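The listed protein sequences derive, respectively, from chains A and B.
Read the first sequence against our numbering and you will find it ends at 285, with the numbers running on by one and no gaps.
Read the second sequence against our numbering and you will find it ends at 458, with the numbers running on by one and no gaps.
Here's the structure, in structure tokens; my notes come after.
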Amino acid sequence: GQQLNQSPQSMFIQEGEDVSMNCTSSSIFNTWLWYKQDPGEGPVLLIALYKAGELTSNGRLTAQFGITRKDSFLNISASIPSDVGIYFCAGRYSGGYQKVTFGTGTKLQVIP
Amino acid sequence: DAGVTQSPTHLIKTRGQQVTLRCSPKSGHDTVSWYQQALGQGPQFIFQYYEEEERQRGNFPDRFSGHQFPNYSSELNVNALLLGDSALYLCASSWDYQETQYFGPGTRLLVL
Numbered sequence: 174g175q176q177l178n179q180s181p182q183s184m185f186i187q188e189g190e191d192v193s194m195n196c197t198s199s200s201i202f203n204t205w206l207w208y209k210q211d212p213g214e215g216p217v218l219l220i221a222l223y224k225a226g227e228l229t230s231n232g233r234l235t236a237q238f239g240i241t242r243k244d245s246f247l248n249i250s251a252s253i254p255s256d257v258g259i260y261f262c263a264g265r266y267s268g269g270y271q272k273v274t275f276g277t278g279t280k281l282q283v284i285p
Numbered sequence: 347d348a349g350v351t352q353s354p355t356h357l358i359k360t361r362g363q364q365v366t367l368r369c370s371p372k373s374g375h376d377t378v379s380w381y382q383q384a385l386g387q388g389p390q391f392i393f394q395y396y397e398e399e400e401r402q403r404g405n406f407p408d409r410f411s412g413h414q415f416p417n418y419s420s421e422l423n424v425n426a427l428l429l430g431d432s433a434l435y436l437c438a439s440s441w442d443y444q445e446t447q448y449f450g451p452g453t454r455l456l457v458l
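Right, here's the structure in full:
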């Protein structure tokens, strides 16, 4: 099945650093979602974006809906150890109910 | 308020067998979606149930079937198991069209 391309695949950063990751698709989406998954748990929704160009924040997290509607970006500022996990982007088509297409994931490790 | 629960947590089956996985949605939710997450990949949409009917389906063969009960709980059935069916199976619930899907912890299926 289709999966969105996320980069980087994994990253090691020092605590306190900022993090950037992105997600690209060959198809247009009407909604972009960002999830975090901790080991042994299901994904948890972090941010939802509904309009091209939209910039939305949730605490230290900021995400943007790309202007082409084929990409999205997530930034984490001043990383802390509990930011460790796998971050997934996901896109949803208009009329697609809750069917979402997930990305391949970015694994984040924070060095204290 | 209990979140999404899934059972069993782990399961080992052999090729050719059949398996049934169970999901209880978050209180107040009426829509259940099932996802398959292979190791190192993002979740892939299998299907979604609403009002006891399959509303939408991803690219999965007919060996994958489901059911939703009047209390909104759901089952995922997989027949004629293949080695490639080994994965984490995630259930997510939501209130119809709302974006926020709440995921359960998943059932880890190993096919030998």
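Each residue gets a CB set at the ideal place from its N, CA and C atoms; glycine is no exception.
None of the values given here were measured: they were computed from a predicted structure.
Neighbourhood of residue i by C-beta, 7 angstroms cutoff - its chain only, sequence neighbours within 5 removed
i	result
B:A384	A433
B:T351	S370 and G450
A:Y266	F202 and N203
Distance, residue j Cα to residue i Cα
i	j	result
A:F275	A:R233	22 angstroms
B:G535	A:A263	This structure cannot settle anything about residue 535 of chain B, because the visible part of chain B is limited to 347 through 458.
A:K272	B:G412	16 angstroms
B:P416	B:T446	22 angstroms
A:R242	A:Q210	24 angstroms
A:I220	A:V192	16 angstroms
B:L458	B:L429	6 angstroms
A:N310	A:F261	Within the shown structure, residues of chain A are numbered from 174 to 285, placing residue 310 of chain A beyond reach of any answer.
B:Q394	A:K280	28 angstroms
B:D408	A:V283	42 angstroms
A:I240	A:A225	5 angstroms
B:N425	B:G452	19 angstroms
B:S419	B:Q364	20 angstroms
A:Y186	B:Q382	The question names Tyr, but residue 186 of chain A in the sequence shown is Ile. Cα to Cα, A:I186 sits roughly 30 angstroms from B:Q382.
B:F391	A:V257	25 angstroms
B:Q414	B:F406	18 angstroms
Residue j beta carbon less than 9 angstroms from that of residue i
i	j	result
B:T377	B:S439	yes
A:S180	A:T197	yes
A:Q175	B:Q387	no
A:E188	A:P285	yes
B:T366	B:L422	yes
Same chain, Cβ closer than 8 angstroms to residue i, five either side skipped, listed in chain order
i	result
A:E227	Q237 and F238
B:A348	S370, K372 and S373
Neighbourhood of residue i by C-beta, 6 angstroms cutoff - its chain only, sequence neighbours within 5 removed
i	result
A:L205	In the sequence on display, residue 205 of chain A carries Trp and not Leu. Around A:W205: L222, F238, S245 and G264.
A:S199	none
B:R401	Q394
B:R454	H356 and L434
A:S250	D191 and R233
A:N178	T197
Check each residue of the segment 271-285 of chain A: if its Cβ is closer than 8 angstroms to any Cβ of chain B, include it; give the result in chain order. Q271, K272, V273, T274, F275, G276, T277 and G278
Members of the segment 247-265 of chain A that neighbour chain B once the beta carbon cut-off is set at 7 angstroms: F261
Members of the segment 205-225 of chain A that neighbour chain B once the beta carbon cut-off is set at 9 angstroms: L206, Y208, Q210, G213, E214, G215, P216, V217, L218, A221 and Y223
Tell me the start and end of each unbroken beta strand (DSSP E) in the segment 401-456 of chain B that is at least 3 residues and wholly inside, in chain order. 410-414, 420-424 and 433-440
Ignoring anything shorter than 3 residues or poking outside the segment 205-260 of chain A, list the beta strand (DSSP E) runs there in chain order. 217-222, 228-231, 234-238 and 244-249
Looking at chain B, which residues of the segment 224-238 of chain A have a Cβ within less than 9 angstroms of any of its Cβ atoms? none
Output, in sequence order along the chain, the residues in the segment 383-415 of chain B whose CB is closer than 7 angstroms to any CB in chain A. Q387, G388, P389, Q390, F391, Q394, R401, Q402, G404 and N405
What residues from the segment 187-207 of chain A come within 8 angstroms of chain B, judged by C-beta to C-beta, listed N to C? T204 and L206
Along the segment 418-437 of chain B, where does the CB come closer than 7 angstroms to a CB of chain A? Name the residues. L436
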